[in-house]
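Working notes for the structure below.
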Amino acid sequence: MRHDDFTPSAPRPGRRRGPGLAAAALAGVCLTASGCAGDGGSGPGAGPATASRSAPSTPSSSPSAAPDPSPSTGPTSSKPLPRGPLTGRTVVIDPGHNPGNRDHTREIGAQVDIGTGRKECDTTGTATDAGYAEARFTLDVSRRLRTLLEEQGARVVLTQDGDRPFGPCVDERARIGNNERADAVVSVHADGSAAGNRGFHVILPAAVKGGGADTAKIVAPSRELGERIAGNFVRATGSAPSNYLGDGTGLDTRDDLGGLNLSTVPKVFVECGNMRDPEDAALLTRGGWRQKAALGIAEGIGSYLKR
Ligand code: ZN
14 MRHDDFTPSA PRPGRRRGPG LAAAALAGVC LTASGCAGDG GSGPGAGPAT ASRSAPSTPS
74 SSPSAAPDPS PSTGPTSSKP LPRGPLTGRT VVIDPGHNPG NRDHTREIGA QVDIGTGRKE
134 CDTTGTATDA GYAEARFTLD VSRRLRTLLE EQGARVVLTQ DGDRPFGPCV DERARIGNNE
194 RADAVVSVHA DGSAAGNRGF HVILPAAVKG GGADTAKIVA PSRELGERIA GNFVRATGSA
254 PSNYLGDGTG LDTRDDLGGL NLSTVPKVFV ECGNMRDPED AALLTRGGWR QKAALGIAEG
314 IGSYLKR
């Protein structure tokens, strides 16, 4: 859903636009041995899980009760990472929402400080008409993404791994990236806009200053990260940039998201598609497509880190 709030997406003409996808696509570099244009349907992989760091947490080896093609997760592993082009780099992946949020509406409704104001701790996220929850989607893509990045040698931390009953709150999600001194942070989402609104977009932090928020140092590198992810996402998934935001660039800039406002390290949100559109939903519910989405994001991150 629209991340920090429940408001359905609406076109916002006049938003700042980036240099466009042509440049972004050119910036990308293929990272994976399987190839940028591979079908990506080779299925899930579960690398050594990087546990979320904060309480409250409930041990669980089965974060999703429902049958789900998502990769399995596991406890924190000390398995050494392979050496690769991303060795020495830290990436924090933030799976948007939490499958348990819907059972903790009081907790996630609590207000937190996002620097420029106050906002709900977290939200439930959206779902397809058939009931596939955004929170399950974000965890699945994030786990696939973790595997791809770890294969390149990156150290990967998830803000939550289905291992806690709700949250974290948006301010804590930002803090995790900051405390890890992440080289890049990506928050994974899918949108909850009107049917007919299709495609992905990447949300970039606006320049904001207030309270604990000061994004001056991350605006430019976050844009670089976002452009590279957008270009690679197009190539890996074949999806078009959003037809309702960003004027065809696949990029949007926002100043109202705590997860971006409070970040001190380069960070973007990726809205992989619109769960409320039947055609997008048909893609988002396919494991093979989610693998392509993870691949596109991983290639964008890799391209950014190796620039
Ligand atoms: Zn969301």
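Under the working numbering, think of the first position of the sequence shown as 14, with each following residue one higher.
We put the beta carbon where it would ideally sit given N, CA and C, even for glycine.
Ranked by Cα distance from Q173, the first of L162, A167, I189 and P218 is I189.
Sequence-distant partners of L99 (beyond 5 residues in either direction) whose C-beta falls short of 7 angstroms from its own C-beta, in its chain, are L162, Q165, G166, A167, G315 and L318. Within the stretch 243 to 277, the complete alpha helix (DSSP H) segments of 4 residues or longer fall at 271 to 274, listed in chain order. Assignment of V221 by DSSP, reduced to helix, strand and coil, places it in the coil class. Listed as beta-bridge partners of I231 by DSSP are no residues whatsoever. Within the same chain, D107, T172 and G272 come within 6 angstroms of R186 by CB-CB distance, once the 5 residues on both sides are set aside.
Distances from the CB of G109 to the heavy atoms of the ligand ZN include at least one below 7 angstroms. Per DSSP, reduced to three states, the secondary structure at S316 is helical. Counted as a single uninterrupted DSSP element, the alpha helix (DSSP H) harbouring F150 occupies residues E147 to E164. With contacts defined by Cβ atoms closer than 8 angstroms, V221 and D268 form a contacting pair.
Residue L238 holds the alpha-carbon nearest to the alpha-carbon of S200 among L238, G209, T228 and G128. As for any beta strand (DSSP E) of minimum length 3 sitting wholly inside the stretch 179 to 207, the runs are 197 to 204, ordered along the chain. Within the model, the alpha-carbon separation for A140 versus N287 is close to 9 angstroms.
Contact between P112 and R149 holds, with the beta-carbon distance rounding to 6 angstroms and staying under 8 angstroms. Out of D135, Q124, P93 and D204, the CA that lies nearest to the CA of P291 is found in D204. Closer than 7 angstroms to some heavy atom of the ligand ZN: that does not describe the Cβ of H214. P279 has its alpha-carbon roughly 12 angstroms from the corresponding atom of T103. Scanning G209, A197 and R177 for the CA closest to the CA of D293 turns up G209.
G315 has its CB no nearer than 7 angstroms to any heavy atom of the ligand ZN. Ranking I310, L296 and K92 by CA distance to the CA of F282 puts I310 first. Residues of the same chain with their beta carbon placed closer than 7 angstroms to that of G144 are lacking, with the five preceding and five following residues left out of the count. In this structure, the beta-carbon distance from G175 to L152 falls below 8 angstroms. Taking a 10 Å sphere around the C-beta of T118, we find fewer than 16 other C-beta atoms and assign the residue as exposed.
Inclusion of G138 in the 7 angstroms shell around the ligand ZN follows from its C-beta lying nearer than that to a non-hydrogen atom of the ligand. Taking C-beta atoms as the reference points, E284 and H214 count as a pair closer than 8 angstroms.
Boundaries of the beta strand (DSSP E) harbouring D126: Q124 to D126, taken from the DSSP string.
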